[in-house]
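Here's the structure, in structure tokens; my notes come after.
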Amino acid sequence: MIITKTPYRLSLFGGGTDYRPWFEEKGGVIITSAMARYCYLSIRRLPPFFNYKTRVVYSKMEIVNTPDEILHPAVKHCLKFMNIQDGLEIHHDGDLPARSGIGSSSSFTVGLLHALHALKYEMVTQKTLADEAIHVEHDLMGEHVGIQDQIIAAFGGLRVIEMGPGNAYKVTPLILPPDYLRAFEDHILLGFTGISRISSTIAETHIRNIRDGSSTDHLEAIQTLASEALDLFKKNEDFEKIGALLHRSWLSKRRFSQDITTEAIDDLFETARKAGAFGGKLMGAGGGGFVFFLAPPERRQAIKDALPSIRVWVPFQIEMAGSEIVFHSDLTHGV
Numbered sequence: 005m006i007i008t009k010t011p012y013r014l015s016l017f018g019g020g021t022d023y024r025p026w027f028e029e030k031g032g033v034i035i036t037s038a039m040a041r042y043c044y045l046s047i048r049r050l051p052p053f054f055n056y057k058t059r060v061v062y063s064k065m066e067i068v069n070t071p072d073e074i075l076h077p078a079v080k081h082c083l084k085f086m087n088i089q090d091g092l093e094i095h096h097d098g099d100l101p102a103r104s105g106i107g108s109s110s111s112f113t114v115g116l117l118h119a120l121h122a123l124k125y126e127m128v129t130q131k132t133l134a135d136e137a138i139h140v141e142h143d144l145m146g147e148h149v150g151i152q153d154q155i156i157a158a159f160g161g162l163r164v165i166e167m168g169p170g171n172a173y174k175v176t177p178l179i180l181p182p183d184y185l186r187a188f189e190d191h192i193l194l195g196f197t198g199i200s201r202i203s204s205t206i207a208e209t210h211i212r213n214i215r216d217g218s219s220t221d222h223l224e225a226i227q228t229l230a231s232e233a234l235d236l237f238k239k240n241e242d243f244e245k246i247g248a249l250l251h252r253s254w255l256s257k258r259r260f261s262q263d264i265t266t267e268a269i270d271d272l273f274e275t276a277r278k279a280g281a282f283g284g285k286l287m288g289a290g291g292g293g294f295v296f297f298l299a300p301p302e303r304r305q306a307i308k309d310a311l312p313s314i315r316v317w318v319p320f321q322i323e324m325a326g327s328e329i330v331f332h333s334d335l336t337h338g339v
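Going by our numbering, the letters in the sequence shown line up with residues 5 to 339, in that order.
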């Protein structure tokens, strides 16, 4: 039995500049954080007592004899990429809902690859995990996604990801004084709208707009704001200033596509700002899922009271570790 624990992510600044058509030509910068909410995956070799070879349990249960029969795309392609032919049992559990803008799909891919390497008694670096997850999702699954989710799931922490021009990237920790870091965590309000969406559909439009140039001005603005935010973090500036940049970044992001926001979501942000939030953004590709606000702790309850449509408020804490093997045992009891 092997169990992996892989964090989800909170993207702060620069989202959208991590798509290859953009950063390979223009470069990109992301400020992002792993959060102390996790995707758990357990795998074990399935004993030969059943009339099937592999069982995969997530929101559905699949019982198959070959990887080609598996419907879950990440499971299918991770097994094929790792050349796993043995019968397995794979179980998924998550602290937060899928399709909600917190990088859950990439956390799943990173965690599963980590577990499969452990199954083969292989220790892998964070960089290898990130690169393999990017390859599986981009090249094998054909997903329209960026590269920040796989990187932060593998590396963890509060990070700056610098990308391109070209296909290379660099991951650097954003080192902040402990008191300032705790204050930053206290200023984050993370809420779930209750709306799930397929991010790849929105992301496909985003990539098309990058290629035809219609989102160039918006992405350049987001990239500039990310660099400005990085300077403010390094100077340990007031969170009100950082929140103002976050608001401006959201205004640019919402112009990527008409599918990113709705009138109800726009009203939600306006109401939050009137209640005291410095700024906020819709997580991930947009369309629903999680929102987060940067707001003074003393305004936290007023903002919650002003937003009864938020189904769940989730306490936020940065997770400094990336994907981890939390249990490994190869006992087979003679089977």
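Don't be surprised by glycine CBs; every beta carbon is placed ideally from N, CA and C. Everything numeric in this text was worked out from a predicted model, so none of it was measured.
(message) Excluding the 5 residues flanking Ala158 on each side, which residues of the same chain have their C-beta closer than 6 Å to its C-beta?
(response) Val114, Gln130, Leu133, Ala134, Gly326 and Ser327
(request) Please classify Arg259: does DSSP put it in a helix, a strand, or coil? (result) coil
(message) Does Asp22 pass the burial test, meaning 16 or more other C-beta atoms within 10 Å, or should it be called exposed?
(response) buried
(request) Specify, as a first and last residue, the run of the alpha helix (DSSP H) that Ala137 falls within. (result) Gln130 to His139
(message) Check whether chain B comes within 8 Å of Phe296, counting only Cβ atoms and requiring the distance to be less than that.
(response) Annotation note: the requested chain B is absent from the structure, which comprises a single protein chain.
(message) On a Cα-Cα basis, can you pick out the residue from Lys30, Glu66 and Thr58 that is closest to Glu224?
(response) Lys30
(request) May I have the straight-line CA-CA distance separating Thr58 from His96, to the nearest angstrom? (result) Roughly 14 Å between the two C-alpha positions.
(message) Whole angstroms are fine: how far does the CA of Phe273 sit from the CA of Gln227?
(response) Near 22 Å, if we compare the C-alpha coordinates of Phe273 and Gln227.
(message) Using a Cβ-Cβ cutoff of less than 7 Å, which residues in the same chain neighbour Gly18 once the five nearest sequence positions on both sides are dropped?
(response) For Gly18, the CB contacts under 7 Å within the same chain, skipping 5 residues up- and downstream, are Gly32, Val33, Ile34, Ile35, Ile226, Gln227 and Ala230 in chain order.
(message) Between Glu126, Asp190, Ile151 and Gly146, which has its C-alpha nearest Ile138's C-alpha?
(response) Ile151
(request) Classify Ser313 as helix, strand or coil using the three-state DSSP reduction. (result) coil
(request) Between the Cα of Leu116 and those of Ala187, Val68 and Tyr42, spot the shortest distance and give me the residue it belongs to. (result) Tyr42
(request) For Tyr56, collect the residues of the same chain with a Cβ closer than 7 Å to its Cβ; drop the 5 residues on either side in sequence, then sort them by chain order. (result) Ile67, Val68 and Asn69
(request) Output the boundary residues of the alpha helix (DSSP H) element that contains Lys84. (result) Pro77 to Phe85
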